[in-house]
Structures are given as structure tokens and as C-alpha cells.
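Here's the structure, in C-alpha cells; my notes come after.
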Amino acid sequence: MIPLRDICEFLDTFAPLETAEDWDNVGLLVGDPDRMVARVMTCLTVTSDSVTEAVEDAVDLIVSHHPMPFHPLRRLTTEKTPSRLLLRLIRADVAVYSPHTAFDSAAHGINQQLADGLGLTNALPLVVQDPQRPEQGSGRYGLLQRPIKLADLAQELRRFLGIAGLHVVGDRNRDVRRIAVACGAAGQFLEPAGQVGCDVLVTGETTFHTCLEAEALGMGLLLPGHYASERFAVETLAERLADRFPKLVVWASRQEKDPLFWANEV
Ligand SMILES: [Zn+2]
């Protein structure tokens, strides 16, 4: 058994909470830091499926990328989804820790892993928070070893994420080399990506109008879906936790799934 406090400290070292965005809600969100933990489950999101798995498999701690709770709550009743899920977790004595945007931006966090997965060299933060620390910030951008066609980059991303397909905006035959990545829903990174000369922004999902704006700017967009752009990283996070705390039983949720699916997969 490991004190919850020690796991929180490790997570804060791996994905420093001070680097989370101001609007975010990160760290230990449910639970007693002095309790002892034996079983940990990572997941992308606290949902009915992941809560059921946690309760049935006697999890002590959920490390959920997306925060739960995220918005402030004025009552804990079963009438709304977040409070209903929180009540189930509290009754079963399951703690919740969320690294969210700290994990997006960490040195070995989601965006760096995406950059590595695409083979980007010398990846730098796309939006730097503190000019004194240019190595820290949101998103990443870097160079491919050599230019490739946008359609081929889409295939590379599809293979890396292990997904059936993805949305692409832009000229499929255009050679691209300078690539920006920003996991989740990060269409707002299109402009900064253009400002540093990127040919393409990879983000999980964005709006129709951001897709049109990318076309207008002559940039490509790769949109693998919010889930696919982040879920792989909760699997690597489970491995890191297991390496650091060999006495823990750690796994990435086996029940959570992308709520979106392709109709031809039915
Ligand atoms: Zn997300």
C-alpha cells in the first residue's frame, strides 16, 4: 500500500500542476491524501462506465485526465451527471486525481508524445506561458525529417493512434514539414501555429468554422477525434505509475470508449 499523498507528489513532479491553464481544475479533486492506495485506474474521463469499472474492481484511486468535478457544484445529488458520479465514487471510497492541462503540456506529456509519435524533431511549445521559461508551454511544434504529403502524414497519425480514420482539411497532395500538435479540442491553436510557420495543426476536434479558417490560411488540419488524441496517453501514464510504484496494481480503464464511432464499423 502506498500513501495517496506520495502518488500525488509523483504526479505533480511528472506533470507540474503549476503549469496547468488558469481556468483548469487539477490535482487531487476527491479523497483523503493520508489514505493508503493499492489499486489505481487511469482513464480519460470519469463516466458511468469508468466509475462502474472502478467500483467493481475495487479501485482506490482514479487518475482521470479530464477533471471530475470540473465546474463548481452547489449540491451533491443524483439528479445531475457529475454529482451522481461523484456520489458513487465517494460512497465506494474512490479518490480522483486529474492532471489535465498540466499533463497536456508536461515535458513527457500528451503533446510531446504526439510530437514524438509523428517523428517531429526539436519540438518546442507552441504557446509559451512565461518568456523566462521558453521550454514550458502549451502544444508543440517541430519539423519532420523530410517533407511528406498531407495525406501521408494523416496515415502516420492514424497508425500511431491505432484508429480507423480521421478528418483532414487541406490539399492532400501538398508537401508539409513544420507540424503543430495540440491534443483535445484546441482549434484556438490554429493562429499561433500559423504564426510560427506551421503547415499543419493536429488537434483532436474543432469547429466547422475553424476548418474553413484553416483552408483560408492555406493550412492543413488533422482531426483524429478528441478521444483518440488523448486516450493513448492515459495508457502510457498507467505504465509510468506502475514503474514508479511496483507495489501498486495499475491499469488503464478497459471499459471506457469513444462515444463517437464510424457507422461502417457497426
Ligand atoms: Zn481532452
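The numbering used here numbers the first residue of the sequence shown as 1088 and each following residue consecutively. Every residue, glycine too, gets a C-beta built ideally from N, C-alpha and C. Treat the numbers as computed from the prediction; the structure is a model and nothing was measured.
Quick check: residue i and residue j, are their CB atoms within less than 9 Å of each other?
| i | j | result |
| --- | --- | --- |
| residue 1321 | residue 1131 | yes |
| residue 1160 | residue 1091 | no |
| residue 1263 | residue 1291 | no |
| residue 1029 | residue 1336 | With the chain running from 1088 to 1353 in the structure shown, residue 1029 is simply not present. |
| residue 1366 | residue 1097 | As shown, the chain starts at 1088 and ends at 1353. That puts residue 1366 outside it, with no answer to give. |
| residue 1173 | residue 1117 | yes |
| residue 1319 | residue 1094 | no |
| residue 1312 | residue 1277 | no |
| residue 1142 | residue 1129 | no |
| residue 1259 | residue 1241 | yes |
Cβ of residue i less than 9 Å from any chain C Cβ?
| i | result |
| --- | --- |
| residue 1235 | Protein chain content of the structure displayed is limited to a single chain, and chain C is not contained in it. |
Does the beta-carbon of residue i have 16 or more other beta-carbons within 10 angstroms, so that it is buried, or is it exposed?
| i | result |
| --- | --- |
| residue 1286 | buried |
| residue 1295 | exposed |
| residue 1135 | exposed |
| residue 1305 | exposed |
| residue 1178 | exposed |
| residue 1155 | buried |
| residue 1191 | buried |
| residue 1301 | buried |
| residue 1139 | exposed |
| residue 1317 | buried |
| residue 1199 | buried |
| residue 1297 | buried |
| residue 1303 | exposed |
| residue 1194 | exposed |
| residue 1105 | exposed |
| residue 1389 | With the chain covering only 1088 through 1353, there is no way to say anything about residue 1389. |
| residue 1326 | exposed |
| residue 1343 | buried |
Which whole-angstrom value describes the C-beta separation of residue i and residue j, a residue pair presumed to lie in contact below a C-beta threshold of 8 Å?
| i | j | result |
| --- | --- | --- |
| residue 1309 | residue 1248 | Not confirmed; about 10 Å, so no contact. |
| residue 1366 | residue 1212 | Missing from the structure shown is residue 1366; the chain here goes from 1088 to 1353 and no further. |
| residue 1253 | residue 1229 | Wrong, their Cβ atoms sit about 20 Å apart, outside the cutoff. |
| residue 1268 | residue 1201 | 4 Å |
| residue 1124 | residue 1186 | At roughly 16 Å, the Cβ-Cβ gap does not stay under 8 Å, so residue 1124 and residue 1186 are not in contact. |
Would you check whether ligand 2 has a heavy atom nearer than 8 Å to the C-beta of residue i?
| i | result |
| --- | --- |
| residue 1154 | Only ligand 1 can be found as ligands here, which leaves ligand 2 out of the picture. |
**Prompt:** Can you list every residue whose CB sits closer than 6 Å to some heavy atom of ligand 1, going in chain order?
**Reply:** Around ligand 1, the residues whose beta-carbon falls short of 6 Å from at least one of its heavy atoms are 1153, 1271, 1313, 1317, given in chain order.
**Entirely enclosed beta strand (DSSP E) segments - the segment 1129-1167, minimum 3 residues** = As summarised for the segment 1129-1167, the continuous beta strand (DSSP E) elements at least 3 residues long and confined to that stretch are 1148-1151, given in chain order.
**Message:** Could you tell me which whole beta strand (DSSP E) segments of length 3 or greater appear in the segment 1187-1228?
**Reply:** Taking only runs of at least 3 residues, the beta strand (DSSP E) segments lying wholly in the segment 1187-1228 are 1208-1215.
**Request:** Please specify which runs of the beta strand (DSSP E), each continuous and at least 3 residues long, are wholly inside the segment 1232-1275, giving them in chain order.
**Result:** Fully enclosed beta strand (DSSP E) runs of no fewer than 3 residues occupy 1254-1256, 1262-1272 of the segment 1232-1275, in order along the chain.
**alpha helix (DSSP H) segments (min. 4 residues) lying fully within the segment 1302-1353** = If we require 4 residues or more, the alpha helix (DSSP H) runs fully inside the segment 1302-1353 come out as 1313-1331.
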